[in-house]
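Read the structure below first, then the notes.
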Amino acid sequence: MKGLLIVSGLGILAMMAEIFKFKKLLFPLVLLGILGAYVANFMEWNSGFSIAVFDNMIAFDKVALAFSGVILATAFFWFIMANDYFEDMPTVVDHFSLVLFALTGALMLTAFKNMTTLFLGIEIMSIPLYVLAASKKKDVKSNEAGFKYLIMGSFASGFLLFGIALVYGATGSFDLMEIRAKISEMGSGMPSFFYAGIIMMLIAMLFKVSAAPFHFWAPDVYQGSPTVITALMSTVVKTAAFAAILRLFMIAFGGVSESWSMVLASVIALSLVIANFSAAVQTNVKRTLAFSSISHAAFMLMVVLANLRSNATLDALLYYSLAYSIGSIAAFGIIYNVTKNGDETFDSFNGLGKRNPLMAACMVVAMLSLAGIPITAGFFAKYFVFTTMIGTGYKWLLILAILTSAVGVYYYFKVIIAMYFKQATTEEPVTIELSQKVVMILTTLFTLALGAVPGFVAEMFKF
Amino acid sequence: MLGYTITQWLFGILSFLAIMFGLMVVFSRNPVNSVLYLVMTFFCIAGHYLLLNAQFLAIVHIVVYAGAIMVLFLFVIMLMNLNEDTEPQRTWLSKIIAAVAGGLMLFVMVGSLKGAGDMGLQQYGNAQIGFVKNLGAVLFKDFLFPFEIASVLLLAAMVGAIMIGKKEAGES
């Protein structure tokens, strides 16, 4: 709860920077604030104490605190990585406050206990992102990205609201626990529009995580947005949306899983196939990573599909989102530096192994982690997902996931091959800011460390 | 009257009008007409709120939606000078796909609501909730957190609008 208050306060403070002229101080202040929020989060975790004032609306229990921790840590790295892009902009203050407001929404999504807070969280997170996606005002692609995201996002919000209304009509409550209680009380006597409501909410949430067949906006938005914003979308936003899905479907609708699990299973299968095969034929790096994020979304949805109310489920999703976020921050940070001249094809990576060996090495680790090759965090992330799935009746999905991952290896390796085995057109070394270099090294080490001692995060939930 | 109470008559008439005007919004070729039909739809929905004993909501609905937001709509349409000629022509394929998708949605909704009539009406919570006094009490007690956090949403929207509209250095 304190973390949420600190981050939203930080957003307001960022707006003040323009008026009171401490623009130069803003970046260290934001970093300090996020660190402070992280520490407050950590202390709440250890004390087992949660502010119970709004307990019916929002509750920072251990699950919420763990996902908030992932989000805040990612945001910390993201700010260091993105500062270079924002530094010289006249609108740096607006950018920072919008990102912090989006972060507020993301934290809300990890902890909501009520449909109203769910909806508000999604809107608070999405509206700044619509603007940020369109923030390169003179770039047609960026405008298109923002516009597409806004229109599609509003449409999904409409579905979410319609779904909430139907669920409310059937259960008479917005509260997750009360909905759960009502389901177990009524059993199969729930009216059929209740199930229609669940599916509509599912559609809206699947849209937010860009699972197929609701993924059409993702490649265009990821490609058109400024690279650092794309990094934010594929890390912080993804983690928050998955925390929300897990909370919603495990707490509220866990009792009627037979009504939505088949839908979810087909969505996962579609996402795996469409994402991996589409990614393999792309030439634009950001577009490829957009499709790769769809396939990662499918993996994370598998955890929800397993629908086990156990610590292993929480651990698996937490570990996956952490591994994916850290790997993505590293990958997008490097893509940002490499594609500064505007060329976003795979060719821009040609000869990076010679032009900047350190960056190339970091990129290799990030790509291996995203592909799920052993000794990196990504491998164990996939492994934990598979272990939660193995006991369920969806073994065909597991086989499909393994097969499509093999396709995934192909397009991740395309980058590595370009870096080491292709001739660069220029021998000119790629420069990188010191702060970004530090983030790259830290995230790379973190990815390797997570892979070396997976138990450190994977056994967080023991209570 | 024909076995129905006056409330049921009002409900039927308002629903018919709301659906009819809703269809007119979609079917009219001129964007300005669409907006005006939308205003009528909103008035019908406000009537429904009145029937549900939610007076405050009805008034807010008329003031905010039919008043403020519709004026914004009209402004945008006039500034962009939209009329029948500028409306893009859709291909037959996209029309058919839209009709099928919308029809399926309607099918699901009708199907799932079909049995709901037998459920009997249930009254959740306080019947007098529509009055400003009761609404305020709920808003500032049970829903205090969403009420406060909504300010962040509005603030974010404002900052975003200003950022998009701000003139950057070198822009004329």
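Residue numbers (our numbering), protein chains in the order written: chain W, 15 to 477; chain P, 12 to 183. We treat Cβ as the ideally placed atom computed from N, Cα and C, and that holds for glycine. As the structure is a computational prediction, the values presented were derived from the model and not from experiment.
Return helix, strand or coil for residue i, following the three-state DSSP convention.
i              : result
P468 (chain W) : coil
T359 (chain W) : strand
I404 (chain W) : coil
F151 (chain P) : helix
N128 (chain W) : strand
D102 (chain W) : coil
D189 (chain W) : strand
N44 (chain P)  : helix
N321 (chain W) : coil
F477 (chain W) : Its pLDDT being 49, under 50, F477 (chain W) is placed unreliably in this model, and the value from its coordinates should be taken loosely. Correct three-state label for F477 (chain W): coil.
N298 (chain W) : strand
I340 (chain W) : helix
I72 (chain W)  : strand
V75 (chain P)  : helix
K451 (chain W) : helix
T440 (chain W) : coil
L49 (chain P)  : helix
L262 (chain W) : helix
M91 (chain P)  : coil
S239 (chain W) : coil
Applying the criterion that 16 or more other CB atoms from any shown protein chain within 10 Å of the CB defines a buried residue, is residue i buried or exposed?
i              : result
G14 (chain P)  : exposed
F477 (chain W) : Residue placement at F477 (chain W) is flagged as unreliable, the pLDDT there being 49, under the threshold of 50; a coordinate-derived value is accordingly withheld.
M264 (chain W) : buried
G17 (chain W)  : buried
I197 (chain W) : buried
K195 (chain P) : The displayed coordinates of chain P run from 12 to 183. Any statement about residue 195 (chain P) would go beyond what the structure contains.
T302 (chain W) : buried
G113 (chain P) : exposed
Using a Cβ cut-off of 8 Å, pull out every chain W residue sitting near residue i, in sequence order please.
i              : result
M89 (chain P)  : Neighbours of M89 (chain P) on chain W: none; closest Cβ ~21 Å, over 8 Å.
I173 (chain P) : D108
Sort the options by Cα distance to residue i and report the nearest one.
i              : options                        : result
M495 (chain W) : W:V287, W:M29, W:M219, W:L448  : In the structure as shown, chain W starts at 15 and stops at 477, and residue 495 (chain W) therefore has no counterpart that could be examined.
V317 (chain W) : W:A257, W:R369, W:L45          : W:A257
S292 (chain W) : W:D329, W:T185, W:P227, W:I178 : W:P227
Y408 (chain W) : W:V281, W:G365, W:V421         : W:V281
I85 (chain W)  : W:L123, W:M204, W:D102, W:A420 : W:L123
A57 (chain P)  : P:S45, P:A29, P:V82            : P:A29
N128 (chain W) : W:R261, W:M29, W:M95           : W:R261
C55 (chain P)  : P:V43, P:S26, P:S123           : P:S26
I24 (chain P)  : P:L62, P:I175, P:N145, P:V119  : P:L62
K144 (chain P) : P:L68, P:M120, P:M169, P:G33   : P:L68
Y76 (chain P)  : P:N92, P:L90, P:Y48            : P:Y48
L112 (chain W) : W:A96, W:N97, W:L134, W:I141   : W:I141
A110 (chain P) : P:I88, P:L150, P:V37, P:M89    : P:V37
L278 (chain W) : W:A311, W:L39, W:T418, W:G135  : W:A311
N351 (chain W) : W:T445, W:D234, W:Y163         : W:T445
L10 (chain P)  : P:G113, P:H59, P:F142          : It is not possible to answer for residue 10 (chain P), since the shown part of chain P is limited to 12 through 183.
A80 (chain W)  : W:A96, W:G201, W:M57, W:L143   : W:M57
I26 (chain W)  : W:L246, W:F115, W:Y338         : W:F115
T118 (chain W) : W:M215, W:L174, W:V251, W:D98  : W:V251
S156 (chain W) : W:G183, W:V223, W:P240         : W:P240
H109 (chain W) : P:G141, P:G171, P:V46          : P:G171
Could you list which residues in chain W have their beta carbon closer than 7 Å to that of residue i, in chain order?
i              : result
L124 (chain P) : F207
V170 (chain P) : M29, D108, S111, L112
M81 (chain P)  : None at all; the shortest Cβ gap to chain W is about 17 Å.
K177 (chain P) : T105
A127 (chain P) : P205, F207
V119 (chain P) : A210
How would you list, in chain order, the residues of chain P whose beta-carbon sits under 8 Å from the beta-carbon of residue i?
i              : result
N70 (chain W)  : D153
E137 (chain W) : L164
I141 (chain W) : L164, A167, A168, G171
What residues from chain P crowd round residue i, counting only those whose CB sits closer than 9 Å?
i              : result
V235 (chain W) : Here the premise fails: no neighbours, minimum Cβ distance about 16 Å.
M191 (chain W) : Simply none; closest approach about 14 Å.
Which residues of chain P have a Cβ atom closer than 7 Å to the Cβ of residue i, listed in chain order?
i              : result
V145 (chain W) : G171, M174, I175
S22 (chain W)  : V163
Near-chain P residues of the segment 27-42 of chain W (beta-carbon distance less than 8 Å), N- to C-terminal order: M29
Any C-beta of chain W within less than 8 Å: which residues of the segment 155-169 of chain P qualify? L155, F156, P157, I160, A161, V163, L164, L166, A167, A168
Listed from N- to C-terminal order along the chain, which residues in the segment 239-272 of chain W have their beta-carbon within a distance smaller than 7 Å of any beta-carbon of chain P? none
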